[in-house]
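Encoded as structure tokens, the structure appears first; notes follow it.
Protein chains in written order, with my numbering: chain F, 940 to 1331; chain Z, 573 to 666.
Pasting the structure below:
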């Protein structure tokens, strides 16, 4: 039966690390992540969790400690935010290139300067090209479930890649909601001990990720791309199986809501996806055929799902809690890129909203939807990127 | 020892190397200067063996250093470290 608790997403991420029987945790505090590693410290100290807890001197060291630990064939976990993640950047490439299934919670926080502790997705999206799988969660339950699912996926020999489980700071990280924690035996049955693809072993010394000549480097890159493709295939299966065992299912790569007959589909990531559903219900009552598609997995990007969504719709409205300066939001760019070769593709309107924790409510999304419906009627998108609620 | 792969499908997920003698071939051919030991000056202190970055110096039973010219690249660190100047660097063609 498990138990239902009421707690913050950060504490729930700690519960997930405990449930996954993580063996090594490297911890360095940063707002708004800190309470994740605090919760885990409590578990380790109380002996509720049999793990090595390494207090490191920086996030770069946290990632490198996880790499070393994972290379010995054990399950590892860490968590960070914003500038901590940026400091890890170099090591993120080493983790993915070494094909180590490290799982990391990223509590999304806007990047400075100027300082902000509030959420947007710029920190994790900046790590797009590191070879990490990226999940984005919409509620506390999904944070728990996705961490467990991430280990299942990443430790699959067809994948062997690390994953970030991203959740927006404060909106989720410090907000108390109910969440179901399944029985430990059920988690153990679902998630057996990690079997590594290669291992650092004192009895058979080796060095890894050594210099590779131009004759072979491309092949190692291609294998990461293949692993991403495999992940794209496996995520919906894992989500379904998890749903059967534990009761929560999230639609695999994209959580679709009332998309079947929709003229307009709002494409979002993270918690905006929940607000989008409320906006859809309201607009549907007013007679507008609107749907919501929440991109749950950003890497690998769900190109095929976006193509399928676009088949029967007139306009897609992407809402990015992110800006790639000099261009637009990544979600807008990649949605457009996914559809370029598709016949009769819909219009795509790009919106930027919620940067640095600016509140995005269902009313905000309703406003975006109404603007997009107007574009649909006029048959054109005049402004490629519109900033929502920007002060004059 | 695993064989050198010929096809992509034979590659491990990440390159791994296990310690072995001379995986890059006989690197002694890179040498311009050859270290030579004057055993009458050598005190068997083993410092050359400690400092050799290529593990191309081995220790005999009585701690006498022995240079493996198949792999010594002639960097000269042993000659520099030798406290009794028992090692001299000689140009290869001499």
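Here a beta-carbon is modelled for each residue, glycine too, at the ideal position from N, C-alpha and C.
The structure presented is a predicted model; accordingly, all values stated were derived computationally and were not measured.
In three-state DSSP terms, what is residue i?
{"i": "residue 1169 of chain F", "result": "helix"}
{"i": "residue 1246 of chain F", "result": "helix"}
{"i": "residue 999 of chain F", "result": "helix"}
{"i": "residue 643 of chain Z", "result": "coil"}
{"i": "residue 1054 of chain F", "result": "coil"}
{"i": "residue 945 of chain F", "result": "strand"}
{"i": "residue 1330 of chain F", "result": "coil"}
{"i": "residue 1024 of chain F", "result": "helix"}
{"i": "residue 662 of chain Z", "result": "strand"}
{"i": "residue 1097 of chain F", "result": "coil"}
{"i": "residue 1203 of chain F", "result": "strand"}
{"i": "residue 951 of chain F", "result": "helix"}
{"i": "residue 1047 of chain F", "result": "strand"}
{"i": "residue 1318 of chain F", "result": "coil"}
With a cut-off of 8 Å on the beta carbons, I'd call residue i and residue j a contact; round off their distance for me.
{"i": "residue 1342 of chain F", "j": "residue 1097 of chain F", "result": "Any question about residue 1342 of chain F goes unanswered here, given that chain F covers just 940 to 1331."}
{"i": "residue 1009 of chain F", "j": "residue 1130 of chain F", "result": "With a Cβ gap of about 16 Å, residue 1009 of chain F and residue 1130 of chain F do not count as contacting."}
{"i": "residue 1048 of chain F", "j": "residue 1062 of chain F", "result": "6 Å"}
{"i": "residue 1060 of chain F", "j": "residue 1209 of chain F", "result": "7 Å"}
{"i": "residue 630 of chain Z", "j": "residue 640 of chain Z", "result": "7 Å"}
{"i": "residue 605 of chain Z", "j": "residue 646 of chain Z", "result": "5 Å"}
{"i": "residue 947 of chain F", "j": "residue 1115 of chain F", "result": "6 Å"}
{"i": "residue 1050 of chain F", "j": "residue 1017 of chain F", "result": "Contact flag wrong, Cβ pair sits at about 19 Å."}
{"i": "residue 1055 of chain F", "j": "residue 1295 of chain F", "result": "4 Å"}
{"i": "residue 659 of chain Z", "j": "residue 577 of chain Z", "result": "No, residue 659 of chain Z and residue 577 of chain Z are not in contact; Cβ-Cβ is about 40 Å, not under 8 Å."}
{"i": "residue 1004 of chain F", "j": "residue 965 of chain F", "result": "4 Å"}
Distance, Cα to Cα, residue i vs residue j?
{"i": "residue 573 of chain Z", "j": "residue 1034 of chain F", "result": "Because residue 573 of chain Z sits at a pLDDT of 42, beneath the cut-off of 50, its placement in the model cannot be relied upon, and the point is left open."}
{"i": "residue 1289 of chain F", "j": "residue 1171 of chain F", "result": "25 Å"}
{"i": "residue 990 of chain F", "j": "residue 963 of chain F", "result": "5 Å"}
{"i": "residue 619 of chain Z", "j": "residue 650 of chain Z", "result": "8 Å"}
{"i": "residue 1112 of chain F", "j": "residue 586 of chain Z", "result": "35 Å"}
{"i": "residue 1074 of chain F", "j": "residue 582 of chain Z", "result": "31 Å"}
{"i": "residue 942 of chain F", "j": "residue 1153 of chain F", "result": "54 Å"}
{"i": "residue 1286 of chain F", "j": "residue 992 of chain F", "result": "50 Å"}
{"i": "residue 1224 of chain F", "j": "residue 1100 of chain F", "result": "44 Å"}
{"i": "residue 1330 of chain F", "j": "residue 1157 of chain F", "result": "47 Å"}
{"i": "residue 952 of chain F", "j": "residue 1082 of chain F", "result": "6 Å"}
{"i": "residue 661 of chain Z", "j": "residue 956 of chain F", "result": "59 Å"}
{"i": "residue 1144 of chain F", "j": "residue 1046 of chain F", "result": "37 Å"}
{"i": "residue 1155 of chain F", "j": "residue 584 of chain Z", "result": "12 Å"}
{"i": "residue 1091 of chain F", "j": "residue 635 of chain Z", "result": "54 Å"}
{"i": "residue 1146 of chain F", "j": "residue 588 of chain Z", "result": "6 Å"}
Output, in chain order, the set of chain A residues within a Cβ distance shorter than 9 Å of residue i.
{"i": "residue 590 of chain Z", "result": "Chain labels in this structure do not include chain A; the protein chains are F and Z."}
Would you check if there are 3 or more beta carbon pairs closer than 8 Å linking the region 1173–1187 of chain F to the region 1116–1136 of chain F? In short, these stretches touch, since the Cβ pair count reaches three.
Within the region 574–654 of chain Z, ranges of the beta strand (DSSP E) (whole runs, at least 3 residues): Counting only runs of 3 or more, we get 605–609, 629–631 and 637–639.
Mind pulling the alpha helix (DSSP H) runs of 4 or more residues that sit fully within the region 1109–1147 of chain F? Runs of the alpha helix (DSSP H) inside the region 1109–1147 of chain F: 1123–1129.
Contact between the region 1226–1246 of chain F and the region 1113–1127 of chain F: three or more CB pairs below 8 Å? These segments do not touch.
Examine the Cβ distances between the region 1300–1317 of chain F and the region 1209–1227 of chain F and report whether three or more of them are shorter than 8 Å. In this structure the region 1300–1317 of chain F touches the region 1209–1227 of chain F; the number of beta carbon pairs closer than 8 Å is three or more.
Would you check if the region 976–983 of chain F and the region 1094–1108 of chain F touch, i.e. whether three or more CB-CB distances between them fall below 8 Å? Too few Cβ pairs lie closer than 8 Å, so no.
Whole alpha helix (DSSP H) elements within the region 1216–1281 of chain F, 4-residue minimum: Complete alpha helix (DSSP H) runs here, min 4: 1242–1250 and 1269–1278.
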